[in-house]
Every structure is written in C-alpha cells, then in structure tokens.
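2 protein chains.
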Amino acid sequence: MSNKQALKQYDIKKYRTPDGYTSDICVFTIISEKNEAYKPPTMDLKIMLIKRAGLDSEGNMNIEANKWAIPGGFVQDDETGFQAAKRELEEETNISGIHIKQFGVYDKPGRDPRGWIISNAHYAIVPDTYLSLRKAQDDAADIELFSIKDVLKLDLAFDHEQIIGDAIQVITNDLLQTTVAKNFLPENFTYSELQAVLRTVTDDPAILSDQSFSRKIKSLPFIQEVQGKTTTRTSKRATKLYTFIEMDILKPIYTARY
Amino acid sequence: MSNKQALKQYDIKKYRTPDGYTSDICVFTIISEKNEAYKPPTMDLKIMLIKRAGLDSEGNMNIEANKWAIPGGFVQDDETGFQAAKRELEEETNISGIHIKQFGVYDKPGRDPRGWIISNAHYAIVPDTYLSLRKAQDDAADIELFSIKDVLKLDLAFDHEQIIGDAIQVITNDLLQTTVAKNFLPENFTYSELQAVLRTVTDDPAILSDQSFSRKIKSLPFIQEVQGKTTTRTSKRATKLYTFIEMDILKPIYTARY
DNA sequence: TTTTTAATTAACAAATTGTTTATTGTTAAT
DNA sequence: ATTAACAATAAACAATTTGTTAATTAAAAA
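Keeping their order, the protein sequence lines are chains A and B. Taking this note's numbering, I'd label the letters of the first sequence as residues 72 to 329. Taking this note's numbering, I'd label the letters of the second sequence as residues 72 to 329.
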C-alpha cells in the first residue's frame, strides 16, 4: 500500500478539486407561545429559513428560486467553516457568543447544480428576542421561522431537506444528552422553564410530570439550585431558580433504566 | 440581507476554491490480549496508523516524513467523502460491510502545507483478524496498531493528533451511547465479551461488576437473549448468549441516575 | 374572603441497584 | 474418583429511586 498511498498523497494535480466550499447554518430558536403572567411558558422549537429570490443580481432567473433555504455562504481561504458560520451569523445578528456546532458535511455529487460544492453544516441557537426584532425591523418577507414539526413539509432548496432533517435530529439529541438547553434559557431558570425547553423535543413521562421533574432536578449533578433568589415569572408563588454547572456527562445506555 | 446573501450565493467566481478534498479514516480494532481457553477476554482498543515514507515516488524528501498518520486519500468528484472512505477501506481490506461513521471536518488554514485541503474524517471498526493478517502477510513495517492510551504521545503528521483525539472521544461516546459495540463482537456474544469491549473505554462500576452487569443485560431492551444456544468460549460452564436488537436509544441525562 | 393555580412537600408502594453469599457445571490436578 | 478452581449466575436483602396520588403553600384575582 505504501506506494499507492504515496501516489495518492502527493499527486495533487491528478485530482479535480471542488468548485466551492460553503458553510451553512441551521438557526434554531425557541419562542414562548403563551406567555401570560404567572404561567409557565409553552415553547416551540423553530428554525429560521430564507426564501431564495426569484431573480439574481443580474436579473436572471435564479437557481432554486422561491424555495426556502438555510442561510450560508462561501468559506474564505483564511478561515475554517466553523469560523465562517460564526462570522456570518454574528455579522447578521450583531450578537456574539452564539452557540454554534458543526454537525455534518454534505458533498453528494450533483447536490448543487452549479458545481462540486461541499457544504459544511452547522446548527446555531439564537435567542428569540433577536429574531423577532430582526423580522419586524427589516420587514423581510424573505425570512420566516418554521416549527420543526412543519418545516420538512416545505419545498426546500438543494438538499436542504436532508440537512434540516439531520439538524433537527442532532439538536434533539443534544438537548436531551448535553446541557445545550442552557442556550435557550436565562442564566437562572425555574424547573418549569427547563421542562418547557425539553418538551419541545421529548415526550418522556419523567420529564413531562411536574412532580417527578421538580424532584429530580434537585439531584442532577450538572444543575445547581441558586441560593437566596427566586422569581415569580412562572407562578404567583416565589419559585426556586437553578443554574447549569459546566461539565461533561456521559451516561452509558447499559446502566440506564428502561 | 437578501442582497448580500444573493451575492454570496451566486458569484462563485469571486471565491477561491479549495486545493483538495480528502477523506481520512481512523481505523479502530479491538484485540483480545489474553485469550486463554475458558477465560473471559481482556481487550484493548487500538487504532491503525501508517508511517509516512521518508522519500516520495520521485525520490525527494517527503512532507511530514517518517511521522505516523491516519490513512486517507482524495475524494473523487463522483463520490461522497463517506463513499471514498468506504471504497478505500474495502479495497484495502477486502472486507465489505465495515462500520464507518463520519465524525468531523478539518479545514484549518495551514493544516496541510501543500495547500487549502479539507479533510473529511471518519472512523471505522475493522475486525482484528484482518489487521493481524494484513500485517503478517505484508511484512509492512509502515503499519502499526497503537493503543488509544498511547497513540497521542506519538509524533503525528499534519493535524492528525487533533483528528485522532476527536475520533477517540467520538468512538468512546458511541460505544457507551449506541449499540456500535456490536461491530466488535460476534453476532452472538456473552455478557463478559460485551463487558470486555465496554471496559476498553469506561470504568463505570455498574459495567465492571460481573454480578450487576450479568443481571442488567437481561433487562436491556436493545439486547435479547438467544434461546437454546450457549458457548464455552469464556467459561467451562455453558454460558448464555445475547444479541443486539436494532433500535434507536435516546436516554435523556435528565432522567438518568447519578 | 374565597377561589385559583404553580410550586412544592409528603407519603407510600413498586421497581431497581449495590452487595454479599451461595450454587452450578465443567475442567484440570491430585 | 475426588477435589480444587473458576466463570456464570441465582438468591437474598437492604438502600435508593421512581411513579403516583394527595396535601400544603403563597400570592393574585374574583
């Protein structure tokens, strides 16, 4: 093999190179649907899409015109795909410290009719406050939030149906198996606020039950009760606040209960 | 944004394109260290590396010569990175149906001195039988298996230290949170064989304890007892055999015990 | 003052786990 | 033939955690 390997490794010119390298971002947000006073919120997980213009900048018919797509752009040769995602999103939203995670590469030949273009896909979590603002201020009819329950029914550009489907699966997993939920919550949150975030992606009865969840939250090693502070955001009665502790959690499926 | 977006999306020529797109593979295997008769095995998780040649095919000094590296090669324009990984590995090993999973993209500017080369990284699980054979038959001094405990101490080519470190973390997670362990085991396996696989990546006392693990395995929904078949591979006494059932498992960290 | 409601505690049966001790069935040694 | 050794696993039981239902608390609203 070492010969074959050597050839492969060094004869760059023999191989066609890609026509483009893009970074695409599935922007997720959670909006509180009912936000009445003294009530725990009801939340829905949404993804932001842009509507592709009918005509391009030179007035010609656009590729995949009028379809919904995830935002993205070309990666520059002095940055990583991750940095490109971060740059584009922070330029766009004027928010820094956005949670972004790379989750997949999309490189199927023919996926983009314009050439051999490799997409590095990310998901991001953006506070709903920004996105509502953004939409109002811009009157941008070409931006919309879609519930993850509906989004896959749309007519989506390129292979974005695949990408979005994967993104939804990845964020669902991450919400349940990491502490990424903290990016949807204030620094200090009540048990019912965390519960509302998790309900957007699970029906687990142990999470749905108020009694079980409010008891369980006290014994989770990655969540700490905030001493001496309460809120009445979700209830007339003062409610305890919790905060996430930074740590890795790895619970084997072999030791869980079923 | 729709204007800026439009520009980015359509003006392909404005952007430099990558000089190469490669598919790299971290090949893992588990070797049974002590394989005495009637004893449960002791296993070690290993990664296969190749030693880069000192000179290239034209007799010139090689880049990153004599360093250890993960195998890989250029992706062709009619295949995906995943297919390239599969193709290379199956060509190489003559085994089909190898478990391969994409886990990361490595695209940091300067990571490869030969140009802007994007690496799509995968891990694969290959039976130890092949790799031992391969090594003996070829007398290939340029191929070696390294324990995951030692491999990061080596002098590794390019950014392969990063890639291998990530691969180890990903396979550790997958071994504990998915049923990927089945790729290291025969179709029907004993509790102590599964236990030995898991021990290569965890110290969890509930997995280490024979009594607990042999009791627990009976109640796991993704494992089924094989009726009417036993083995004496691991014990003088006939031992029950189990098999994995295909299913997704998603256990929230919020419902686990700590 | 009473009603309403979210948060929380209480209480208890049911299920699971940690742990220790015994049993089983075989091989290998005496 | 007997016994020692040993992996597998069953038995037993206390400790812990869960599911579930009921009760309590505190503040707004009627």
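Idealized CB from N, CA, C, for every residue including glycine.
| Asked | Found |
| --- | --- |
| Within the 8 Å Cβ cut-off, does G236 (chain B) reach chain A? | no |
| Under a three-way DSSP split, which group does L291 (chain B) fall into? | coil |
| If we cut at 8 Å on Cβ distances, does L216 (chain B) have a partner in chain A? | no |
| Rank A:P180, A:T250, A:Q266 by C-alpha distance to the C-alpha of D230 (chain A) and give the top, closest one. | A:P180 |
| State buried or exposed for L126 (chain B), treating a residue as buried only when at least 16 other CB atoms are found within 10 Å of its CB. | exposed |
| For K75 (chain B), count neighbouring Cβ atoms within 10 angstroms of its own Cβ and tell me buried if that reaches 16, exposed if not. | In this prediction, K75 (chain B) scores a pLDDT of 42, lower than 50, which makes its location untrustworthy; no coordinate-derived value is stated. |
| Can you list the residues of chain B that I320 (chain A) reaches, using a CB-CB cut of under 7 Å? | I324 |
| State the beta-bridge partners of M132 (chain B) as determined by DSSP. | B:L126 |
| In the DSSP assignment, find the unbroken beta strand (DSSP E) run with Y262 (chain B) in it and report its ends. | Looking at the DSSP string, Y262 (chain B) is not in any beta strand (DSSP E); the run it does join, the alpha helix (DSSP H), is 262-270. |
| Could you spell out where the beta strand (DSSP E) holding D145 (chain B) opens and where it closes? | Going by the sequence as given, residue 145 (chain B) is Phe instead of Asp. Element bounds for F145 (chain B): 143-145. |
| Does I316 (chain B) pass the burial test, meaning 16 or more other C-beta atoms within 10 Å, or should it be called exposed? | exposed |
| Mind reading off the beta-carbon distance from G143 (chain A) to T88 (chain A)? Whole number of angstroms is fine, and I expect it under 8 Å. | Between T88 (chain A) and G143 (chain A) the Cβ distance is about 20 Å, and since that is not below 8 Å, they are no contact. |
| What residue ranges within the region 170-232 of chain A form continuous beta strand (DSSP E) runs of no fewer than 3 residues, ordered along the chain? | 170-177, 188-196, 214-218 |
| Take G186 (chain B) as the anchor and find which of B:I219, B:D178, B:H193 has the nearest alpha-carbon. | B:D178 |
| Going along the chain, which residues of its own chain have a beta-carbon closer than 7 Å to the beta-carbon of Q147 (chain A), five neighbours each way excluded? | A155 |
| Which chain A residues sit within Cβ distance under 7 Å of K289 (chain B)? | Here the premise fails: no neighbours, minimum Cβ distance about 12 Å. |
| Under 8 Å, Cβ to Cβ, is there at least one residue of chain A near K138 (chain B)? | no |
| May I ask you to list the residues that DSSP assigns as paired with K307 (chain A)? | Paired residues: none, contrary to the question. |
| For Q233 (chain A) and K300 (chain A), what's the separation of their Cα atoms in angstroms? | 44 Å |
| Have a look at A:H193, A:P323, A:I294 and flag the residue whose alpha-carbon is nearest the alpha-carbon of F284 (chain B). | A:P323 |
| Can you round the beta-carbon distance between A140 (chain B) and I121 (chain B) to whole angstroms, since I take them to be within the 8 Å contact cut? | 6 Å |
| My output table needs one value for L120 (chain A): the three-state DSSP class, helix, strand or coil. | strand |
| If L225 (chain A) and F217 (chain A) are in contact, beta carbons under 8 Å, what's the gap, nearest whole angstrom? | 7 Å |
| Any idea if Y313 (chain B) is buried or exposed, counting beta-carbon neighbours within 10 angstroms, 16 or more meaning buried? | buried |
| With distances taken between CB atoms, is the gap from V176 (chain A) to I189 (chain A) smaller than 8 Å? | yes |
| Are the beta-carbon atoms belonging to S290 (chain B) and Y325 (chain A) less than 8 Å from one another? | no |
| Look at the alpha carbon of N191 (chain B) and the alpha carbon of G91 (chain A), and state the distance between them as a whole number of angstroms. | 15 Å |
| Are any of the Cβ atoms in chain A nearer than 8 Å to that of Q248 (chain B)? | yes |
| Of the residues that make up the region 81-111 of chain B, which ones have a beta carbon closer than 7 Å to any beta carbon in chain A? | Y81, I83, Y86, R87, T88, P89, D90, G91, Y92 |
| Shorter than 8 Å from the beta carbon of Q173 (chain B) to some beta carbon of chain A? | yes |
| In the DSSP assignment, find the beta strand (DSSP E) that holds G91 (chain B) and state where it starts and stops. | 91-105 |
| Quick one: Cα of T302 (chain A) to Cα of E296 (chain A), how far? | 13 Å |
| Cutting at 6 Å between CB atoms, please list the residues of its own chain near V272 (chain B), excluding the five before and the five after it. | T243, L246 |
| Drop a sphere of 10 angstroms on the beta-carbon of W254 (chain B), count the other beta-carbons inside from all chains shown, and report buried for 16 or more, exposed for fewer. | Inspection of the sequence shows that residue 254 (chain B) is occupied by Asn rather than by Trp. Classification for N254 (chain B): buried. |
| Determine whether the Cβ of N165 (chain B) lies closer than 8 Å to any Cβ atom of chain A. | no |
| Have a look at the DSSP bridge pairing and note the partners of V297 (chain B). | B:L312 |
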